[in-house]
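Residue numbering for the sequence shown follows the working numbering, beginning at 10 and increasing consecutively.
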Amino acid sequence: MNKVYQEYFDLYGFESEEIEKEFSRIEKAFKRMRVTEKDLEICTKRIRESLDISLVGMRQILQILFKEMINLVMAGEEYEKIVYITLPGWGGAFVAPIMEVEPKIYGQCVDMLTAIALYPLFNKQVDCLEAGEKYLPAGNIHCAGFRTLLGAMDLDIFAKPDLLISWGTYCDEGPKVSAYIAEKYDIPIVYVDEYQDFPSVENFPLPRWVNFVAVEMQKAFKEIEKLLGIEIPEDVLMKTMMSVSGPHDDFAAIQQMMLESDPVPLGIADLMYAFTLQALTCSPENEKLKIKALKILRKEVKRRVKQGEGPLKKGLPRIIDTVPSFSDPTSNHLFYECGLQVAGTDMAIYPPDASALPDLEGCNDFYTYVAKTIMAIPASAGVAVRKLVLSAIVRKYKIDGIILDPSYSCRPGFADCQIMRNFVEKELHVPVMIMEHDCYDPRFITPGQVRTRIETFAEQVRVYKATKDLEN
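Now the structure itself:
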């Protein structure tokens, strides 16, 4: 193994014995992905410059994501059947019980894994995007997550699955592109329908909504069992649900420490990797590693808080960035180069007093539990809940500014941002900026463009914070 490979694998903290054992399989996956030594050099540089690999927890998170991507690429050769669940939706609720009852079936929330790993770790997302865009009609704007999946299948990087599972959570475009993929490749598809209209937080979440989604999931599971020829007992559903949910506690503690601390102890680029891993269903051999990695990162962040350490010094402005880039850690790292501490993202923050959290106490029904849990995420719960949560967070933790990130190809996200900006300006009176991008497409906005936008906003926030500090 030459120097390029050695430096690349060292980033992930691999033991040399493990690489030697798995190297032929990794090489096979690299060949299928068209990964070259030049790609590895680019990724090594990107990771070193954008992520905090001095943290053991971060290196382990990257290692797990690397392993999961290799598993995804090799699934066609190593499993009898393959199931892909597409965004937006909670993949673990479906693929974890499937893999639990039948180890010969591979399941993955493929968009989420490729979004966070394919470009930063392998430098191959752009190839997949360009391949996928050949098939979608010109003038139609579709999520880059789906374009990546379509292209990866076209390039034979990902094997054709035996089943697609598509959610209507938050987005109505996802199921449309899933349907196109299913028709193009003659794949059976199962849908979980949902409606996204939540005009207020009164009586939230609406019992009729919870019941509707619970019934939709019950119907979907019956169809999944029939199509895959398996049976999933009720106790397996709850067992895997609790297993998938477990790492979230460690992630939530990390996010909470970021909100409460000055200096903020972790970079937003690093947080996005922790966020994705805790939400991702890993292959059985990586589940324990996932739990361990997040616990280690939590301890490391806690130690930084105790010692008053972070990427930036204490006293610099602290902001919320609602939807940072999944695909490009370079863009996320630019916040710190411009002197802004990012304390969180509204994909992961919760109201300080739990005022908009669904009541899960005593909820023993799997389908009801999952339906309510979806509503615990502000971005999934609708703009009324997003406003409530953001307002509480800004006031309690004295946030100095907000960046709203509508994804260019995300219709509901774009509409929300206009409403949210008006709310922030009229009710919260902190600096706010809309920064259009595509959180799943690293081509849409260059680091130079991001820097220009952030530098301008950073100046506004510094003036606001200085004025606020004088008044206090």
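All residues carry an ideal CB built from backbone N, CA and C; glycine is no exception.
Residue burial classification, residue i (beta-carbon count within 10 angstroms, cutoff 16)
i, result
"residue 424", "exposed"
"residue 43", "exposed"
"residue 258", "exposed"
"residue 450", "buried"
"residue 217", "exposed"
"residue 312", "exposed"
"residue 474", "buried"
"residue 101", "buried"
"residue 359", "buried"
"residue 331", "buried"
"residue 455", "exposed"
"residue 143", "exposed"
"residue 15", "exposed"
"residue 478", "exposed"
"residue 369", "exposed"
"residue 10", "exposed"
"residue 558", "Here the chain has residues from 10 to 481 only, and residue 558 is not among them."
"residue 324", "exposed"
"residue 481", "exposed"
"residue 472", "exposed"
"residue 24", "exposed"
"residue 378", "buried"
"residue 438", "exposed"
"residue 354", "buried"
"residue 201", "buried"
"residue 194", "exposed"
"residue 63", "exposed"
"residue 251", "exposed"
"residue 465", "exposed"
"residue 381", "buried"
Endpoints, the alpha helix (DSSP H) within which residue i is located
i, result
"residue 73", "65-87"
"residue 10", "No alpha helix (DSSP H) contains residue 10, which DSSP labels as neither H nor E."
"residue 202", "Note, residue 202: premise wrong, no alpha helix (DSSP H); not H, not E."
"residue 402", "392-406"
"residue 229", "216-237"
"residue 59", "46-59"
"residue 307", "293-316"
"residue 433", "Premise fails: residue 433 is in no alpha helix (DSSP H) and is neither H nor E."
"residue 33", "25-42"
"residue 484", "With the chain running from 10 to 481 in the structure shown, residue 484 is simply not present."
"residue 137", "134-141"
"residue 342", "338-346"
"residue 110", "101-110"
"residue 160", "153-163"
"residue 280", "277-288"
"residue 167", "Residue 167 -> no alpha helix (DSSP H), and no H or E assigned at all."
"residue 375", "375-383"
"residue 370", "No alpha helix (DSSP H) contains residue 370, which DSSP labels as neither H nor E."
"residue 187", "182-194"
Segment limits, beta strand (DSSP E) that includes residue i
i, result
"residue 330", "327-330"
"residue 352", "350-353"
Residues sharing a beta bridge with residue i, DSSP
i, result
"residue 245", "In DSSP, residue 245 forms no bridge with anything."
"residue 116", "92"
"residue 250", "Residue 250 is not bridged to any residue."
"residue 172", "92"
"residue 413", "443"
**Message:** Would you call the segment 127-136 in contact with the segment 97-116, where contact means no fewer than 3 C-beta pairs closer than 8 Å?
**Reply:** no
**Request:** Please confirm if the segment 329-343 is in contact with the segment 293-307, defined as three or more CB-CB distances below 8 Å between the two stretches.
**Result:** no
**Prompt:** Taking one C-beta from the segment 406-415 and one from the segment 428-442 each time, how about it: are there three or more such pairs within less than 8 Å?
**Reply:** yes
**Request:** Could you tell me whether the segment 51-63 touches the segment 31-41, using the rule of 3 or more Cβ pairs below 8 Å?
**Result:** Two segments are said to touch when three or more pairs of C-beta atoms, one from each, lie closer than 8 Å; by this definition the segment 51-63 does not touch the segment 31-41.
**Message:** Under 8 Å: do the segment 123-130 and the segment 157-165 share three or more Cβ pairs, one atom per stretch?
**Reply:** yes
**Prompt:** Below 8 Å, can you find three or more Cβ-Cβ pairs linking the segment 79-93 to the segment 254-271?
**Reply:** no
**Asked** With a cut-off of 8 Å, do at least 3 Cβ pairs link the segment 234-244 to the segment 391-399?
**Response** no
**Prompt:** How do the segment 330-337 and the segment 436-451 stand: do at least 3 beta-carbon pairs fall below 8 Å, yes or no?
**Reply:** yes
**Asked** Three or more C-beta pairs closer than 8 Å, one from the segment 368-376 and one from the segment 289-299: is that the case here?
**Response** no
**Inter-stretch contact at 8 Å, needing at least 3 Cβ pairs: the segment 270-287 / the segment 315-332** = yes
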